[in-house]
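Residue numbers (my numbering), protein chains in the order written: chain S, 508 to 914; chain E, 508 to 914.
Here it is as structure tokens:
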């Protein structure tokens, strides 16, 4: 049994809907297929827009009812397109499948999935076309799953029906060692571990939402990232690290060019001040990424430096100005053009020289490292956005990521 | 308890959605309100278009799933707009209400309506915003009710919850004695009987679908036709003929300018030939309106004359050409520009001179009557389309329809 998920760009037009129908029909000749489909192109954005025109703060239950129509439209059209190809197909909404969620609107979590209706249709030879992104409360109110919702639906359905694989169709061939638009020698990864994928997705390689990757790791679902517009390509397979054939210390390099840096200076060194600073940011709904707290020369104060999305910079600066005098800090520095360069690899923790090699190479090339943060399988540096492309190419070359054999 | 139905033009834009929300919120200050809402403006036409682009003959189950999203969008927005006005409101789809229909797609009839969910919300002070035009089979598949579906939903819900009245909001003040665009002295009818309304709707005054009128008559629902854009106006009330205060032989005059006339000549007078003629038309899905069969001078043959929608004329002529030689007829005549003039009145059958007065007046004005057909409460004549406006004004004056007192 196979689950195939198609995102919004894959079903953006009627022509593309016919394309995904033909991909599913071909697969269904081999094994039973459950499709999970997102709303067409910008439909969700359009529905959000008319909701905001109707109400300054749209009722969340009604917003979910509204947004869910986006997938209902696309699944009905995909089922029609499959019929047109001579395949048997049936569309099912989240509520019709029996995807039960919490009674939390616009960001519900899945509580239970009934499989009898899906399995019944599969047994009768139907391709099931399931709506992504949505479910229903046990009272029958429509809910949506929030960010990464359709990816999550696909992996959750794959787990529920015990599918052999879950194919996530996007508009690229799979996961690359770096962005091919920046690094011409970037190589497609045949395999990647769930953990590496999590770090890749978080730092900018937006092919599969981290929430879905977590779920795939938990249920051990074989997820394949594939290209809707090049369906013959085998793509990238997500596996547990222990199952991977090839084990490289550095799997890929990513760049996130949507960062800005802020520092609040000479923050008195007493308990609770960091909470004041980041509390003020949270109140204004600013997400913070890298954080560094460094002792100032003068021992009784600290400088706190962090990065945010570039669009949040002005809001974040206002938040800092609010707390500055209250906590007795002295000065705020803002740096609008920052990029975050990261290397990701399941083997990073075993090879402590990797970080040093990267920092040395960047320094020799005159690229200034403004901040560093690390996880078990990732090393990130904040650099000037103007250095971004050059730095990615440099690091890609440094670790020979273009070379299949070298590791 | 009050049911208010708002059609597609009443919710065409966000501004109009806010308008209907304010109408409902005002009414809800007096009594519990159930709104029934159609899809916004041309949404249904747009969804039909993309369905046809996807499949030459869209699967009817999927077409229903697709079309039903139109009302789901409008009810969610109306509920949001009510919230914005400070009213409590909840949107419910046909399936969520528990409107069970036959398992027939695109033209299902309502089998059962559950009222517990609606009544529960009303008791808790909510305005219920119900989706028109749709229901669900007992297996939970979405169905639509076909033509006049939202009107039918409104009247059926009014019957189910035992509402005191069902207000049908349109873009006119109510039902007039004639089209005010043609007859400047046309007068708004305060009351009209179900039977007269049926004849009015069928012959061209498109404010309320005959299917809904039949249902209102059956359940004796007090239906009011009102103006969304002039909600202070009290509109026209539909009642049983026995309840009407004023009883006029002629209630109104209507004109249907979308007619064409065909005749097939010298049809041999033997059993089955009429069946051959109209069977050929039905096969090509041509609806026939007025029919006359007249003996030709030569006693063994008949001329069969009938009217069709103007757009069906060429198809109808082809159908006649197909049967002409087969049944031994000789000649086909087509007349593209025909209008059907009708007078409607519950008292027509009691006053046989009415028809004679109408025919005489038309004759004196040089307006040629090409065909005549009658029912218990309607007399229709086919005339030249060029005479249409003059004829309506003439008949409106003849029966003093502008005068409230004259009857």
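For glycine and all other residues, C-beta sits at the position ideal for the given N, C-alpha and C.
- Residue environment analysis places residue 581/E among the buried positions, since at least 16 neighbouring C-beta atoms fall within 10 angstroms of its C-beta.
- For residue 878/E, the beta-bridge partners assigned by DSSP are 889/E.
- Residue pairing of residue 690/S in beta bridges, as defined by DSSP: absent, with no partner found.
- In its chain, beyond the 5 residues on either side, 508 have a beta carbon closer than 8 Å to the beta carbon of residue 669/S.
- By the neighbour-count definition (other C-beta atoms within 10 Å, threshold 16), residue 578/S is a buried residue.
- The beta carbon of residue 603/E sits closer than 8 Å to those of 624, all from its chain and outside the five residues before and after it, given in chain order.
- As DSSP reads the structure, residue 566/E sits in no beta bridge.
- Bounds of the alpha helix (DSSP H) holding residue 625/E are 623 to 630.
- Our two residues, residue 529/E and residue 615/E, have alpha carbons roughly 32 Å apart in a direct line.
- In chain order, 603 make up the part of chain E whose C-beta sits under 7 Å from the C-beta of residue 647/S.
- Boundaries around residue 832/S are those of the alpha helix (DSSP H), 820 to 834, since no beta strand (DSSP E) includes it.
- Contact between the region 780 to 795 of chain S and the region 828 to 843 of chain S is present: three or more C-beta pairs spanning the two stretches fall below 8 Å.
- Using beta-carbon distances, residue 516/E does not count as an interface residue toward chain S, since no partner is under 8 Å.
- The C-alpha of residue 570/S lies about 35 Å from the C-alpha of residue 738/S.
- Contact of residue 586/S with chain E by beta-carbon distance below 7 Å involves 566, 569.
- Look at residue 679/S here: in three-state DSSP terms it is coil, with no helix or strand label.
- Less than 8 Å divides the Cβ of residue 598/S from the Cβ of residue 583/S.
- Within the same chain, 797, 799, 889 come within 6 Å of residue 878/S by CB-CB distance, once the 5 residues on both sides are set aside.
- Secondary structure note for residue 775/S: its beta strand (DSSP E) is the uninterrupted segment 759 to 775.
- Of the residues 657/S, 685/S, 825/S, 527/S, the one whose Cα lies closest to the Cα of residue 719/S is 657/S.
- Secondary-structure assignment with DSSP links residue 598/E through a beta bridge to 636/E.
- For a cut-off of 8 Å, the C-beta gap from residue 762/S to residue 689/S is around 7 Å, short enough to register as a contact.
- By the neighbour-count definition (other C-beta atoms within 10 Å, threshold 16), residue 631/E is an exposed residue.
- For the C-beta of residue 580/S, the chain E residues within less than 7 Å are, from N- to C-terminus, 573, 576.
- The CB of residue 558/E comes closer than 9 Å to the CB of 583, 584, 587 in chain S, given here in chain order.
- Non-local beta-carbon contacts of residue 703/S in its own chain, meaning distances under 7 Å to residues more than five positions away in sequence, involve 758, 851, 852, 853, 884 in chain order.
- Scanning the region 543 to 592 of chain E for uninterrupted alpha helix (DSSP H) segments of 4 residues or longer gives 550 to 561, 567 to 591, listed from N- to C-terminal end.
- Against chain S, the beta carbon of residue 590/E has neighbours under 7 Å at 562, 566, listed in chain order.
- Counting only residues of its own chain and dropping the five nearest sequence neighbours on each side, residue 524/S has a CB closer than 8 Å to the CB of 518, 547, 581, 584, 585, 588.
- Taking 7 Å as the cut-off between beta carbons, the residues of the region 626 to 658 of chain E near chain S are 647, in sequence order.
- Residue nearest to residue 819/E within the set 832/E, 802/E, 844/E is 844/E (criterion: CA-CA distance).
- Residue 848/S: member of the beta strand (DSSP E) spanning 839 to 851, first to last residue.
- CA-to-CA, the gap between residue 791/E and residue 678/E works out to about 35 Å.
- Residue 565/E sits buried, since 16 or more C-beta atoms from the chains shown fall within 10 Å of its C-beta.
- The C-beta distance from residue 608/E to residue 650/E rounds to 5 Å, short enough to fall under 8 Å.
- Assigned with DSSP and collapsed to three states, residue 751/S falls in coil, not helix or strand.
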